[in-house]
Each structure stands twice: as structure tokens, then as C-alpha cells.
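To start, the structure itself, in C-alpha cells.
In C-alpha cells:
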């Protein structure tokens, strides 16, 4: 308040220089570095809560996450969207995608393991290191040149399990889902017309974040098969 009064005493002009940013992302990044980052470092914020934000966090493209029970067509949906296979893609009748895959744009095709992705300052995944090595072994970035990926990043997820299989992952699956849910711009819930039941784990994933109520879209795979049978 006293600072504002001193500014008013100078003919209404503030004694501090006002920075004008022509780009929101660049402005937020600069303000974080100059104002928030020193404060976080002084209080060791990154040691007790979450890692420091990197340039990748500010430069990240909008993300779309696909969630569904196993063999509902999540990976196939991404394949059709890209009109090609992405590196490391696996499709089959049984659970084949046993890891989180961030499908991202790159000049060349490559697969970046989770341990390398979380320490890459150009990628927005540094905070995923909090979920431990068991998770990082089940996380990777699939990089490929694709026009669609110029504007978005797709997050493919492991098939949601049921029964005793839910406890055999070795990491906090629902916690990882919540982490992505708080950061993605769209969540697609994929259902199979042959398996419309929702397991306990799937239900918990749907309700893990209150913000989901404004965001998810549902997609029903293979409805023609059911119509033909009827």
C-alpha cells in the first residue's frame, strides 16, 4: 500500500518499471523466474512439494488423455487419428499397453524412456519423478513427425484392470491419472460396446479429480458390431 501511495505522489506514475509482455507464455515464464523461483528456492519448496517448473512446463502443448478398460481401442483410436503407427505401439485382444505413453511431435522417430523424459527440461514431465522408479519403468515418450502432433500431445494409458489385478501395478496408478487429469486439456473415456461394465478402478479414476466434470468426453467403440448382432 505504501508503495502505491509513493507512486501516486509522483504524478500517478509508479516508481517501478512496468514490463510489457507481448506473449502470455513468455510473460508467465519470466515472472516465474524472477519472482516465484527465488522464493521457492529459499524455502526449499521443490524438496517438500513438487520439482521446480522447467521451460518445458511453459512450452508444453495442449494434452489429450485417453482412459478406458483394456482392449477398448484406446491405442487403435490414436493410430487412426495419426493415420500411422507410433513407435512402440502394441495392439492385441489382451492388455497390451502396460505403460503410460506420451505421443509427441519430433523430427525423427524415437522412444524416450521415462527416466530420461523426467530429466529433460524441454518436456513437461519432471514432476512425475515423484511416483518412483517403478512408475518410470512404465512411462515413455513416443516421438514421431506428424502434422496433428504439431498442436497437441496424446497420452495413452494402460488399460484399467478389475479384481485382484488392480493391486499388482507396483505404483500409484490412480495418483498418476490424477496428475495428468489436473494438467490435460481434454480427457476421452473409451468404452467397448461389448464391455459396458465399469470396474472399481475405472470408477475411481473417473472421480479422482473434481475438475473432470467439466472436461471428459465418452466414446463408444465398435457399435456397428452390436447393431449387426441385434
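Numbering (UniProt numbering), first residue to last: 1 to 230.
Idealized CB from N, CA, C, for every residue including glycine.
Remember, it's a predicted structure, so these values are computed and weren't measured experimentally.
| Check | Outcome |
| --- | --- |
| Coil, strand or helix - residue 98 by DSSP | coil |
| Beta-bridge pairing of residue 205 - partner residues as DSSP gives them | DSSP, once it has assigned bridges, lists no residue as partnering residue 205. |
| Span of the alpha helix (DSSP H), counted from its first residue to its last, around residue 75 | 74 to 82 |
| Residue 142 (DSSP reduced to helix, strand or coil) | strand |
| For residue 38 and residue 131, the rounded distance between their alpha carbons | 26 Å |
| Nearest-angstrom Cα separation, counted from residue 118 out to residue 129 | 6 Å |
| Between the CA atoms of residue 192 and residue 78 - distance to the nearest angstrom | 15 Å |
| DSSP state of residue 20 mapped onto helix, strand, coil | coil |
| Those runs of the alpha helix (DSSP H) which lie wholly inside the segment 26 to 53 and span at least 4 residues | 37 to 42 and 45 to 48 |
| Where residue 155 falls, given that 16 or more other Cβ within 10 Å makes a residue buried | buried |
| Cβ neighbours of residue 98 in the same chain (closer than 7 Å, five flanking residues each side left out) | 138 and 158 |
| Delimiting residues of the beta strand (DSSP E) encompassing residue 156 | 153 to 156 |
| Outcome for residue 186 when other beta-carbon atoms lying within 10 angstroms are tallied against a minimum of 16 | exposed |
| Under the three-state DSSP convention, the category residue 55 falls into | helix |
| Beta carbon of residue 110 nearer than 9 Å to that of residue 50 | no |
| Beta carbon of residue 267 nearer than 9 Å to that of residue 100 | Absent from the structure is residue 267, since the part of the chain shown begins at 1 and ends at 230. |
| Residue 149, buried or exposed, once every other Cβ within 10 Å from all chains shown has been counted against 16 | buried |
| Three-state class that DSSP yields for residue 160 in the structure shown | strand |
| Test item: CB-CB of residue 104 and residue 123 under 9 Å | yes |
| Identified DSSP bridge partners for residue 113 | 140 |
| Alpha-carbon to alpha-carbon, residue 41 and residue 47 | 9 Å |
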